[in-house]
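I have placed the structure first, in the form of structure tokens, so that the comments after it can refer back to it.
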Amino acid sequence: FMHAMCSYQMRDYYIASYHFDKFRDIYPQSERAEEAAFLSAKGYYFNSPVYSKEQKETVEAIEKLQLFVNAYPNSEFLGEANTLVKELDFKLEKKAYEIAKQYDLIRDYKASIKSFNNFLLEFPGTTLRNKAMYYRFDAAYNLALLSIDNKKEERLNDALGYYNSFKKAYPNSEFMGDADKMKDDIQQELNTITTKS
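Anchor point for the sequence shown: position 160 equals 369 in this note's numbering, and the numbering is continuous, going up by one each time.
Next up, the structure:
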């Protein structure tokens, strides 16, 4: 245990987690087994990279912390473990959100809409929901305006649907002013199409 703790204090979390796991396997009845399990999981947490990088370690850390919570539901470390899981979950949310937003920035609007739809399905309780719904509408708006004539009306109506969803969910959003202007543009385009036909 002290050997594992030494690695942990030196911030060599890969080695520390490995030794804490070994300690727990060899001495499952030890009074330090619970602490070793928590510190092992916390070591995985510390190995989680920033959200913009590959998140394999983040997923592993969440799994390890969840295993700890399941094994020790009455642990004194339970509150901290849950806080760490929340933080790691947000990192995964932030990565998925930024990927979808990146598609919008590079003007791949179809991919942006699909990514935001996936993001909203995968993370229904996200704190980034307001922004995701706005940028999904923004991507649909741009895609519709840049569309060829035979796809324009359908895409304008799709964008209008995204606007309505956004307005219903967040009527007081800081993005509502811009969204209303875009909605007016869509309505104008639809009126033009109706007048032509």
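Beta carbons are placed, not taken as given, at the ideal position from N, Cα and C, and that holds for glycine. Every value quoted in this text rests on a predicted model; they were computed, and no experiment measured them.
The region 293-307 and the region 336-351 touch, with no fewer than 3 CB-CB distances between them shorter than 8 Å. Look at Arg220 here: in three-state DSSP terms it is coil, with no helix or strand label.
In the structure shown, Gln264 falls within a coil segment according to DSSP collapsed to helix, strand and coil.
DSSP assignment within the region 226-294 yields no whole beta strand (DSSP E) run of 3 residues or more.
By a beta-carbon distance limit of 8 Å, Ala213 does not contact Phe247. Their separation comes to about 12 Å. Here Arg364 has Ala349, Leu352, Ala353, Ser356 as same chain residues with Cβ atoms under 8 Å from its own Cβ, once five neighbours each way along the sequence are excluded. Where Asp367 is concerned, the enclosing alpha helix (DSSP H) starts and stops at 358-378. Here Gly334 carries a coil assignment [DSSP, helix/strand/coil].
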